[in-house]
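Protein chains in written order, with this note's numbering: chain A, 1 to 571; chain B, 1 to 571.
The beta-carbon is built from N, C-alpha and C at its ideal position, and this holds for glycine as well.
Just so we're clear, the structure is a prediction, and the values are computed from it rather than from any experiment.
Structure record follows, encoded as structure tokens.
Protein chains: 2
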Amino acid sequence: MSTDPKQVVILGGGFAGVSTARYLEKLLRAEQASITLINRENYWVYQPMLPEVISGSIGLTNVVSPIRRLCPRTNLIMREVEDIDLKKQILTVSPGFRPRQLQLRYDHLVIALGNITDFHGMPGMIENAMPFRTLADAMVLRNHVIHVLEEADVEEDPKLRRQLLTFVVGGGGFSGVEVMAELNDFVRSVKRNYLRLRNEPHRCVVVQAGDRILPEMSETLALFAQRILRKRGVEIILNDRLKAATSERAILQSGTEIPCKTLISTVPSALPPVVQKLDCPKEGGKLLVNTGLELKDYEGNVWALGDCASIKTVAGTKVPPTAQHAIREATTAAINIAAAVRGGKRAEFGFEGLGTLGSLGHGAAVAQIFGVRVSGLLAWFLWRCIYLMKMPGLNRKVRIVTDWLLHLLFPPELAQTKVAFESGIRNQHFEPGDIIFQQGDLGDTMYVIEDGECEVFREQKGEQELLATLGPREYFGEMALLSDRTRNATIRAHTAMDILIIPKADFNKLRQSVPAFGHVFTELATRRAVAGSPQSFAEPGTLGGYPIPIPTPESELGPMPGSPPATRAKR
Amino acid sequence: MSTDPKQVVILGGGFAGVSTARYLEKLLRAEQASITLINRENYWVYQPMLPEVISGSIGLTNVVSPIRRLCPRTNLIMREVEDIDLKKQILTVSPGFRPRQLQLRYDHLVIALGNITDFHGMPGMIENAMPFRTLADAMVLRNHVIHVLEEADVEEDPKLRRQLLTFVVGGGGFSGVEVMAELNDFVRSVKRNYLRLRNEPHRCVVVQAGDRILPEMSETLALFAQRILRKRGVEIILNDRLKAATSERAILQSGTEIPCKTLISTVPSALPPVVQKLDCPKEGGKLLVNTGLELKDYEGNVWALGDCASIKTVAGTKVPPTAQHAIREATTAAINIAAAVRGGKRAEFGFEGLGTLGSLGHGAAVAQIFGVRVSGLLAWFLWRCIYLMKMPGLNRKVRIVTDWLLHLLFPPELAQTKVAFESGIRNQHFEPGDIIFQQGDLGDTMYVIEDGECEVFREQKGEQELLATLGPREYFGEMALLSDRTRNATIRAHTAMDILIIPKADFNKLRQSVPAFGHVFTELATRRAVAGSPQSFAEPGTLGGYPIPIPTPESELGPMPGSPPATRAKR
Chain A
1 MSTDPKQVVI LGGGFAGVST ARYLEKLLRA EQASITLINR ENYWVYQPML PEVISGSIGL
61 TNVVSPIRRL CPRTNLIMRE VEDIDLKKQI LTVSPGFRPR QLQLRYDHLV IALGNITDFH
121 GMPGMIENAM PFRTLADAMV LRNHVIHVLE EADVEEDPKL RRQLLTFVVG GGGFSGVEVM
181 AELNDFVRSV KRNYLRLRNE PHRCVVVQAG DRILPEMSET LALFAQRILR KRGVEIILND
241 RLKAATSERA ILQSGTEIPC KTLISTVPSA LPPVVQKLDC PKEGGKLLVN TGLELKDYEG
301 NVWALGDCAS IKTVAGTKVP PTAQHAIREA TTAAINIAAA VRGGKRAEFG FEGLGTLGSL
361 GHGAAVAQIF GVRVSGLLAW FLWRCIYLMK MPGLNRKVRI VTDWLLHLLF PPELAQTKVA
421 FESGIRNQHF EPGDIIFQQG DLGDTMYVIE DGECEVFREQ KGEQELLATL GPREYFGEMA
481 LLSDRTRNAT IRAHTAMDIL IIPKADFNKL RQSVPAFGHV FTELATRRAV AGSPQSFAEP
541 GTLGGYPIPI PTPESELGPM PGSPPATRAK R
Chain B
1 MSTDPKQVVI LGGGFAGVST ARYLEKLLRA EQASITLINR ENYWVYQPML PEVISGSIGL
61 TNVVSPIRRL CPRTNLIMRE VEDIDLKKQI LTVSPGFRPR QLQLRYDHLV IALGNITDFH
121 GMPGMIENAM PFRTLADAMV LRNHVIHVLE EADVEEDPKL RRQLLTFVVG GGGFSGVEVM
181 AELNDFVRSV KRNYLRLRNE PHRCVVVQAG DRILPEMSET LALFAQRILR KRGVEIILND
241 RLKAATSERA ILQSGTEIPC KTLISTVPSA LPPVVQKLDC PKEGGKLLVN TGLELKDYEG
301 NVWALGDCAS IKTVAGTKVP PTAQHAIREA TTAAINIAAA VRGGKRAEFG FEGLGTLGSL
361 GHGAAVAQIF GVRVSGLLAW FLWRCIYLMK MPGLNRKVRI VTDWLLHLLF PPELAQTKVA
421 FESGIRNQHF EPGDIIFQQG DLGDTMYVIE DGECEVFREQ KGEQELLATL GPREYFGEMA
481 LLSDRTRNAT IRAHTAMDIL IIPKADFNKL RQSVPAFGHV FTELATRRAV AGSPQSFAEP
541 GTLGGYPIPI PTPESELGPM PGSPPATRAK R
């Protein structure tokens with residue numbers, strides 16, 4: 001049965017994965033190998049141009065390329081890899097419409113799953129910081145920016161307007177700098193379409209851990225880039241880093257707090273969980289490979305490349321995680337896989353890089369190519385030409401050039417193409433002193449404290465009266481939600497808090513379908529009806545092993561509509 | 001204070017609303033009137049070209065136009081109108097980032113909120129049928145179609161593959177026909193990029209209540225359109241209509257069932273809730289206006305136009321809900337508003353229509369203009385020219401022509417630009433005989449029965465054994481969810497059922513934060529641990545007033561990990 005084609009499976013559809021598939025299609029015939037690529041999307045993202053999606057200077061679907069067209073002979077599986085069994089050579093892939101996992105056997109495996117942004121240990125970052133890696137990230141960011149502009153235009157309070165018009169980027173590498181440059185250009189340009197924002201300043205802040213931005217480049221160019229960005233109104237905070245975030249502000253290591261509604265973070269990176277749990281040698285948190293890009297202990301069987309692999313060239317240079325390197329790694333891996341399948345010469349990775357390029361927004365860039373340093377408009381032309389040439393396919397090239405031309409002629413797009421609005425049960429983080437809600441606010445969510453403490457205040461005639469303190473596993477905000485009333489107290493975080501937020505729609509569905517869930521709040525309502533006055537607060541106690549939430553001040557209401565009689569159910 | 005500008009507020013950013021704002025900007029000076037437009041999106045959708053978003057022949061943001069650019073002097077509020085108080089002349093607008101409603105006073109009001117697709121009384125349609133009115137609808141549909149193609153390419157079961165490749169449209173008017181034509185063209189064209197689908201047929205079905213499609217046109221043209229569509233492979237089912245839907249199929253009035261994963265419905269229409277609840281005279285469910293487009297009882301104060309108004313021309317003709325009429329209605333309304341603000345001549349609505357146009361996909365259309373009937377390629381050119389000319393602004397015109405040219409040169413886009421994946425607590429409808437889940441499936445959701453009954457089966461050695469019947473307020477599926485095990489029974493709907501689906505992530509969050517919710521399932525687990533064998537089924541009973549869910553067959557498991565000891569908590 002040696003005539004059966006070998007199963008070559010590639011995990012990941014980035015530069016490394018897609019390039020490997022393309023080379024393999026050239027090197028191996030269909031009867032020699034069947035090539036499969038698994039990626040959660042059916043397209044490959046042209047990362048260098050992704051920030052341009054923010055301003056719409058390149059159309060959404062033009063920064064991506066359908067993998068099926070790039071690799072016409074490759075089987076694409078648009079699913080997620082859930083498990084890699086290196087010993088048994090079996091992959092487990094997430095289910096599709098049918099709730100069944102797919103299992104695939106492989107003869108040769110390429111792991112090119114890249115990395116992810118990991119906010120572990122940074123309170124509130126998961127909930128409030130936006131990553132910037134995928135097309136979805138770029139769309140979400142673009143729509144969010146338009147949303148804050150729309151809201152700022154309606155907002156009367158100058159402090160809130162200022163907060164809505166503040167944009168913070170964590171990470172001053174290429175990715176962070178390019179995102180900020182595009183974002184700044186975009187906001188500056190579309191602001192003139194907002195009647196009340198035309199003369200309002202906006203604030204852009206880049207936070208960088210080192211003592212200069214663009215650590216990937218020479219100091220001269222980085223300092224040039226800093227000057228350009230600052231001239232364009234971008235604040236650069238050096239030697240500091242993001243520590244935490246709430247829905248209202250970014251909090252830095254130094255203690256600096258930046259009130260904002262838009263926080264993007266391009267750092268820190270980590271391996272995807274499925275790669276993290278692999279039982280094989282790693283170096284600096286990445287998969288260790290030899291110069292043939294073979295995974296240690298699995299030579300001739302498994303290759304790892306791109307951002308998830310720790311690679312050294314034959315000369316011993318550590319290989320940086322850039323597109324130009326990923327493409328060359330793919331060539332090396334493809335040659336070696338072909339050699340493993342049908343014999344032939346093997347290759348070793350020796351590419352030392354051509355240079356680096358970074359865009360600083362419209363008409364400015366920095367470049368360092370073959371040792372020559374270029375900056376400004378010339379570098380920007382270079383940037384556009386080089387990346388355009390590297391974009392595979394005439395279709396994309398024509399479309400991108402067209403987009404660029406139209407962008408020069410016409411103002412940027414301003415339509416918010418949001419599909420889904422945030423909803424569902426979710427977590428949120430609050431820092432001490434944060435207002436969770438304010439007396440008089442509309443109530444359309446309820447809150448369960450997971451961690452931390454908060455204080456309940458009533459504001460009357462300009463004075464604040466402390467009514468109670470609530471702690472873990474206590475609830476608040478449910479009464480304003482059961483009625484259509486507004487909140488009649490203010491809740492303020494006393495310590496750092498993690499809270500589970502349950503929106504009205506979910507709350508009502510659960511209350512109807514799972515009576516025990518509803519009972520918790522019926523009992524609360526009963527106690528409050530007995531307590532009578534909103535001011536009468538009892539200490540939190542326990543009831544049948546559950547903590548009894550103390551009556552929060554939205555308590556004039558009787559039992560919930562549609563719920564059982566307000567006496568405790570006999571059990 | 002008669003020199004204060006009058007507050008003119010326009011509700012709705014469709015053809016009628018945006019055109020009114022544009023005319024008013026010309027007719028009234030800033031010191032005469034302040035114009036405000038409230039719309040949930042910051043863009044205006046060019047409805048006639050919306051179906052082209054499906055195939056990507058027009059880029060996403062090119063079928064829409066930012067309202068701020070169309071009406072530069074108008075205040076745009078990107079929110080939803082929640083209440084209209086005609087008596088007090090006050091509008092309530094939904095909250096933004098801050099949980100506070102906005103209240104606006106108006107002197108003159110234009111209601112142009114269009115209509116919505118209303119699936120009331122059609123079981124399972126809300127959950128499973130996709131409307132097609134907004135840009136978001138078009139994006140969701142496009143992404144869904146790409147998703148089913150991707151899944152069909154991986155699917156081994158020919159029956160499921162056929163189901164994935166079936167597309168059903170409810171409604172054979174212009175909207176339904178144009179969507180189906182574009183969808184069919186798109187699927188046919190991109191299928192060749194799917195290795196396993198190239199030679200696989202796909203199925204497109206239009207369901208129309210009348211005895212022909214396109215009731216808006218003459219019979220000759222409608223029959224021509226039917227022939228064209230059928231030649232292109234579209235099935236047309238006449239004299240029938242959608243009655244219900246599940247996630248697996250569309251169910252027609254006649255009893256016909258079409259297994260499909262894609263169901264689009266352009267009918268039936270209803271007024272938006274905020275307009276429905278208005279206390280003013282209506283006709284045929286729409287707002288009754290005079291020939292000056294003034295709302296009855298609120299003449300000189302409130303105007304209603306577009307799809308939400310019942311309008312007759314001065315000649316007594318009933319005005320159809322089309323774009324050409326909406327634009328002329330806007331002129332009439334704007335003239336009359338200007339007259340109310342600063343005096344002057346009033347206008348009456350007398351536009352009798354120029355004709356009708358409908359696209360049948362690439363290279364074919366039907367048109368009926370000034371009484372002349374045109375069909376085929378000529379009508380298609382006419383369609384493109386007329387709608388292009390009517391698109392306001394050079395920017396859009398250039399972009400659309402460019403898109404059309406590129407679409408002729410290159411294959412359609414294939415990237416799935418999905419941002420959010422369906423999640424959260426949701427409802428689903430099942431019809432008798434439907435399999436809710438199958439033994440061996442992965443379990444990542446639990447189910448609460450809201451209405452109807454289902455049967456629990458165990459399949460062993462090819463035989464099915466009925467284990468139990470479950471009814472309202474009973475739960476199932478939670479055990480496979482607590483562990484990482486697969487389902488070990490099959491659940492089949494016995495009657496029509498409505499079920500609340502709780503995904504694993506939400507389930508676990510609630511279980512941790514609201515102990516009473518977790519206890520329901522701990523008790524279930526305890527009972528099952530006592531019951532011992534998976535086969536031992538008790539009749540459903542009640543426990544402390546709650547229905548006790550009977551042990552479903554995923555019951556070998558002990559108490560849930562991390563939950564309190566498996567004895568009933570003392571209360």
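Handout entry: Closer than 7 angstroms at the beta carbon, the chain A residues around residue 15 of chain B
Key = Position 15 of the second sequence, counting from 1, holds the residue named residue 15 of chain B. Those do not exist, as residue 15 of chain B stays about 16 angstroms from chain A at its closest Cβ, beyond 7 angstroms.
Report task. Identify whether residue 50 of chain B lies in helix, strand or coil by the three-state DSSP scheme. Result -> Here residue 50 of chain B refers to the residue found at position 50 of the second sequence. The three-state reading of DSSP puts residue 50 of chain B in coil, since its state is none of H, G, I, E or B.
Would you say residue 194 of chain B faces chain A, with C-beta separation under 8 angstroms as the test?
-> For this step, residue 194 of chain B is matched to residue 194 along the second sequence. Cβ-Cβ to chain A under 8 angstroms: yes for residue 194 of chain B.
key: Contacting residues, own chain, Cβ-Cβ under 7 angstroms from residue 258 of chain A (five flanking each side not counted)   = The residue labelled residue 258 of chain A in the question sits at position 258 within the first sequence. Contacts found: 166, 168, 205, 249 and 250.
**Q.** 9 angstroms Cβ cut-off: residues of chain B touching residue 517 of chain A
**A.** As a working note, residue 517 of chain A is residue 517 in the first sequence. Near residue 517 of chain A (Cβ distances below 9 angstroms), the residues of chain B are 510, 514, 516, 517 and 520.
### Message
Buried or exposed, going by whether 16 or more other CB atoms sit within 10 Å of the CB of residue 120 of chain B?
### Response
For this step, residue 120 of chain B is matched to residue 120 along the second sequence. With fewer than 16 Cβ atoms within 10 Å of its Cβ, residue 120 of chain B is classed as exposed.
Exercise. Between which two residues does the beta strand (DSSP E) harbouring residue 65 of chain A extend?
Worked result: In the first sequence, counting from the first residue as 1, residue 65 of chain A sits at position 65. Residue range 64-66 is occupied by the beta strand (DSSP E) that includes residue 65 of chain A.
Look up residue 91 of chain B in the DSSP assignment and say whether it is helix, strand or coil. As a first step, residue 91 of chain B must be located in the second sequence, where it is residue number 91. DSSP places residue 91 of chain B in the strand class (E or B) of the three-state scheme.
>> Quick check on residue 487 of chain A: does DSSP put it in helix, strand or coil?
In response: Start at 1 with the first residue of the first sequence, and residue 487 of chain A comes out as number 487. Looking at residue 487 of chain A - three-state DSSP - the assignment turns out to be coil, as it is neither helix nor strand.
query: Should residue 416 of chain A be labelled buried (16 or more other beta-carbon atoms within 10 Å of its own) or exposed?
result: Working through the first sequence from its first residue, we reach residue 416 of chain A at position 416. Classification for residue 416 of chain A: buried.
**Prompt:** Thinking C-beta only, is residue 499 of chain B closer than 8 angstroms to residue 450 of chain B?
**Reply:** In the second sequence, counting from the first residue as 1, residue 450 of chain B sits at position 450. In the second sequence, counting from the first residue as 1, residue 499 of chain B sits at position 499. By the CB criterion at 8 angstroms, residue 450 of chain B and residue 499 of chain B fall inside the cutoff.
Where residue 415 of chain B meets chain A, residues with beta-carbon distance less than 7 angstroms: Numbered from its first residue, the second sequence carries residue 415 of chain B at position 415. Here the neighbours are 42, 43, 61, 64 and 66.
Exercise. Run down chain B in chain order and give the residues with a C-beta less than 8 angstroms from the C-beta of residue 402 of chain A.
Key: Locating residue 402 of chain A in the first sequence gives position 402, where the first residue counts as 1. Going along chain B in sequence order, the residues near residue 402 of chain A (Cβ under 8 angstroms) are 402 and 406.
| said: Strictly below 8 angstroms CB to CB, what residues from chain A border residue 434 of chain B? | reply: Numbered from its first residue, the second sequence carries residue 434 of chain B at position 434. What residue 434 of chain B touches in chain A: nothing, since even the nearest Cβ is about 14 angstroms away.
_If we define contact as Cβ-Cβ less than 8 angstroms, is residue 441 of chain B a contact residue for chain D?_
This model lacks chain D altogether; the protein chains it does include are A and B.
Review point. Who are the Cβ neighbours of residue 539 of chain B in its own chain at under 6 angstroms, not counting the five residues just before and after it?
Key: In the second sequence, the residue the question calls residue 539 of chain B occupies position 539. Only weak support is given to the placement of residue 539 of chain B: the predicted model assigns it a pLDDT of 34, under 50, and the question is left unresolved by the model.
Problem - chain B residues whose Cβ lies nearer than 8 angstroms to that of residue 506 of chain A - result: Within the first sequence, numbered from 1, the residue matching residue 506 of chain A stands at position 506. Listed along chain B are 424, 425 and 506, each with a C-beta nearer than 8 angstroms to that of residue 506 of chain A.
Open item on the list: Does any residue of chain B have a CB that is nearer than 8 angstroms to the CB of residue 398 of chain A?
Closed with: Here the question's residue 398 of chain A lines up with position 398 in the first sequence. Taking Cβ atoms only, chain B reaches closer than 8 angstroms to residue 398 of chain A, which makes this a yes.
Host alpha helix (DSSP H) of residue 83 of chain A (start-end): Taking the first residue of the first sequence as position 1, residue 83 of chain A is located at position 83. Not the alpha helix (DSSP H): residue 83 of chain A falls in the beta strand (DSSP E), residues 81-85.
| task | Run down chain B in chain order and give the residues with a C-beta less than 7 angstroms from the C-beta of residue 437 of chain A. | result | Counting from one through the first sequence, the residue named residue 437 of chain A turns up at place 437. Residues of chain B passing the Cβ test: 99.
Hey, out of A:471, A:427, A:391 and A:523, whose CA is closest to residue 19 of chain A's CA? The residue given as residue 19 of chain A occupies position 19 in the first sequence. Nearest in C-alpha terms to residue 19 of chain A, of all of A:471, A:427, A:391 and A:523, is A:391.
For this session: Note down, in chain order, all residues in the stretch 137-153 of chain A with a beta-carbon under 7 angstroms from any beta-carbon belonging to chain B.
Result: 139, 140, 146, 150 and 151
Next on the checklist: Helix, strand or coil, according to DSSP, for residue 314 of chain A in the structure here?
Outcome noted: In the first sequence, counting from the first residue as 1, residue 314 of chain A sits at position 314. In the displayed model, residue 314 of chain A falls within coil according to three-state DSSP, outside both helix and strand.
Is there contact here, the stretch 137-151 of chain A with the stretch 321-339 of chain A, by at least three beta-carbon pairs under 8 angstroms? no
- Message: What does the Cβ neighbour count give for residue 437 of chain B, buried or exposed, with the cut at 16 atoms within 10 Å?
- Response: Residue mapping note: residue 437 of chain B aligns to position 437 of the second sequence, counting from 1. Buried, by the Cβ-count rule.
Under 9 angstroms between beta-carbons, which chain A residues line up against residue 78 of chain B? List them in chain order, please. In the second sequence, counting from the first residue as 1, residue 78 of chain B sits at position 78. Under the 9 angstroms cutoff, chain A gives 146, 147, 150, 151, 153, 154 and 416.
Let's see if you can read the secondary structure: which residues bound the alpha helix (DSSP H) around residue 400 of chain B? Position 400 of the second sequence, counted from the first residue, corresponds to residue 400 of chain B. Counting along the chain, the alpha helix (DSSP H) containing residue 400 of chain B begins and ends at 394-409.
Among residues of its own chain, excluding the 5 on either side of residue 466 of chain A, which ones have a beta-carbon nearer than 7 angstroms to its beta-carbon?
What you label residue 466 of chain A is simply residue 466 of the first sequence in a count that begins at 1. Result list for residue 466 of chain A: 455 and 457, in chain order.
*asked:* Comparing C-alpha positions only, which one of B:448, B:343, B:198 and B:389 sits nearest to residue 602 of chain A?
replied: A query on residue 602 of chain A cannot be resolved here, the shown segment of chain A reaching from 1 to 571 and no further.
Worksheet item: Among the residues of its own chain, which have a CB less than 6 angstroms from the CB of residue 245 of chain A, if the five just before and after it don't count?
Response: Reading the first sequence from its first residue, position 245 is the one you call residue 245 of chain A. Cβ within range, chain order: 124, 125, 128, 129 and 263.
Fill in: Pair within 8 angstroms by beta-carbon distance, residue 178 of chain B and residue 358 of chain B
Counting from 1 along the second sequence, the entry for residue 178 of chain B is found at position 178. Counting from 1 along the second sequence, the entry for residue 358 of chain B is found at position 358. It is a contact, given that the beta carbons lie within the stated cut-off.
Check: Below 8 angstroms between beta carbons: does that hold for residue 480 of chain A and residue 443 of chain A?
Finding: One-based indexing of the first sequence puts residue 480 of chain A at position 480. One-based indexing of the first sequence puts residue 443 of chain A at position 443. Closer than 8 angstroms, so yes.
Notebook entry, point to check: With contact counted as at least three CB pairs below 8 angstroms, one residue from each stretch, are the stretch 184-195 of chain A and the stretch 47-57 of chain A in contact?
Noted result: yes
Rounding to the nearest angstrom, what Cα-Cα distance links residue 41 of chain B and residue 8 of chain A in this structure?
For the purposes of this step, residue 41 of chain B is taken as the residue at position 41 of the second sequence. For the purposes of this step, residue 8 of chain A is taken as the residue at position 8 of the first sequence. Rounded to whole angstroms, residue 41 of chain B to residue 8 of chain A spans 47 angstroms at the Cα level.
Discussion item. For residue 366 of chain B and residue 384 of chain B, what's the separation of their Cα atoms in angstroms?
Written reply: Counting from 1 along the second sequence, the entry for residue 366 of chain B is found at position 366. Counting from 1 along the second sequence, the entry for residue 384 of chain B is found at position 384. Cα to Cα, the separation comes out at about 12 angstroms.
* Asked: Which residues, in order along the stretch 338-352 of chain A, keep a beta-carbon less than 8 angstroms from a beta-carbon of chain B?
  -> none
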